[in-house]
Ligand SMILES: NC(=O)c1ccc[n+]([C@@H]2O[C@H](COP(=O)([O-])OP(=O)(O)OC[C@H]3O[C@@H](n4cnc5c(N)ncnc54)[C@H](O)[C@@H]3O)[C@@H](O)[C@H]2O)c1
């Protein structure tokens, strides 16, 4: 589906983090809809290195890109040397997705270096090439602020949220100095859908609970999960937002919330999954061990609707139903 009138054929497009969840979906979007686009994926891929919480240091996986026919560059955005290779191209669009996406990494230096310092280098490339810059921010900038979360009032409560908050500040300052550049930040809420599986324990609860149910296990939720609500947004709507961000109608620079605007509970997810999978296993509850856990998120998407023409299309019911065949296909697949 084409989400805008922009013709990306014969355009050169950089996707950092293109071996990850959102980036690889963008790569395939261009390949499928604009066969003459030149898409370049830049990603460090995964190593076997893990953080102290046991999660991998980066989640990029070649399996997300099987069938992708553009250029794939293995490089680290923290390395100016690795970024050099990008000078061989002249980009029209940059979708900057690469990041430490795990919200529970507390190595502040590494989170800030990866998510923030590299952003300067990518903005410089965008400036040099006169490229549109669309970058990934996050709902984590809001911390525990009450719903609906609205651009302009932020309160990050972990290094990840802070890094995205600072990216938004950098983009703002950069745009003031470079008023002709298009720099759009997208604050994704809880994204789910195909190609997230290799994020392992940091993938959405939709795929994780789906696999618990397919294992024949009772889905396990935090106590009070009927009252823990999040704004879950399907990957196709996130792709839509990225495409529409390339053509902002009003402001050349701004940051927008991207969600559905409708909060849904974890209990509803478990119930919808069981309905779709035809099981009736009930639910098991355990104590939430996390402090600073977001209990209620709901994106105020008025800005994205008005200035990008963004309109989420996929409800949680439709998203889960659409996703089920992929959840089944991946069941039992090794995610290392
Ligand atoms: N998925 C969500 O729900 C969500 C919500 C809010 C924001 N975001 C943001 O959207 C972007 C994409 O998220 P995702 O869910 O696809 O995560 P992801 O982890 O699947 O993708 C990030 C990609 O960046 C790569 N990467 C990490 N460090 C790198 C480095 N130093 N150099 C080069 N590549 C590196 C990883 O290998 C991975 O492929 C991220 O910036 C994330 O913070 C995602």
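In my numbering, the protein residues as written are 1327 to 1662. Beta carbons are placed, not taken as given, at the ideal position from N, Cα and C, and that holds for glycine.
Closer than 7 angstroms: residue i CB and nearest ligand 1 heavy atom
i: residue 1635; result: no
i: residue 1647; result: no
i: residue 1363; result: no
i: residue 1469; result: no
i: residue 1423; result: yes
i: residue 1433; result: no
i: residue 1292; result: Absent from the model: residue 1292. The displayed extent of the chain is 1327 to 1662, so no value can be given.
i: residue 1406; result: no
i: residue 1402; result: yes
i: residue 1662; result: no
i: residue 1525; result: yes
i: residue 1366; result: no
i: residue 1626; result: no
i: residue 1676; result: Nothing in the structure corresponds to residue 1676, since the chain is present only between 1327 and 1662.
i: residue 1452; result: no
i: residue 1516; result: yes
i: residue 1586; result: no
i: residue 1348; result: yes
i: residue 1623; result: no
i: residue 1386; result: yes
i: residue 1345; result: yes
i: residue 1427; result: yes
i: residue 1571; result: no
i: residue 1465; result: yes
Exposure of residue i, with buried meaning 16 or more beta-carbon neighbours within 10 Å
i: residue 1565; result: buried
i: residue 1434; result: exposed
i: residue 1472; result: exposed
i: residue 1593; result: buried
i: residue 1658; result: exposed
i: residue 1440; result: buried
i: residue 1651; result: exposed
i: residue 1495; result: exposed
i: residue 1456; result: exposed
i: residue 1421; result: buried
i: residue 1516; result: buried
i: residue 1655; result: exposed
i: residue 1446; result: exposed
Supposed contact pair residue j and residue i - C-beta distance, whole angstroms, cut 8 angstroms
i: residue 1396; j: residue 1357; result: 7 angstroms
i: residue 1532; j: residue 1621; result: Wrong, their Cβ atoms sit about 18 angstroms apart, outside the cutoff.
i: residue 1514; j: residue 1460; result: Not really, about 12 angstroms apart at Cβ, beyond 8 angstroms.
i: residue 1611; j: residue 1512; result: Contact doesn't hold; Cβ gap of about 34 angstroms is too wide.
i: residue 1589; j: residue 1556; result: 6 angstroms
Within-8 angstroms CB hit, residue i to chain D
i: residue 1435; result: Of the protein chains in this structure there is only one, and it is not chain D.
Curious, which full-length alpha helix (DSSP H) runs of at least 4 residues does the stretch 1447-1524 contain? 1485-1503
List, from N- to C-terminal side, the beta strand (DSSP E) runs of 3 residues or more that fit wholly inside the stretch 1335-1382. 1338-1342, 1364-1369
Whole runs of the beta strand (DSSP E) within the stretch 1605-1634, excluding any shorter than 3 residues: 1610-1612
Which runs of the beta strand (DSSP E) at least 3 residues long sit entirely within the stretch 1550-1595? Give them in chain order. 1558-1560, 1579-1584
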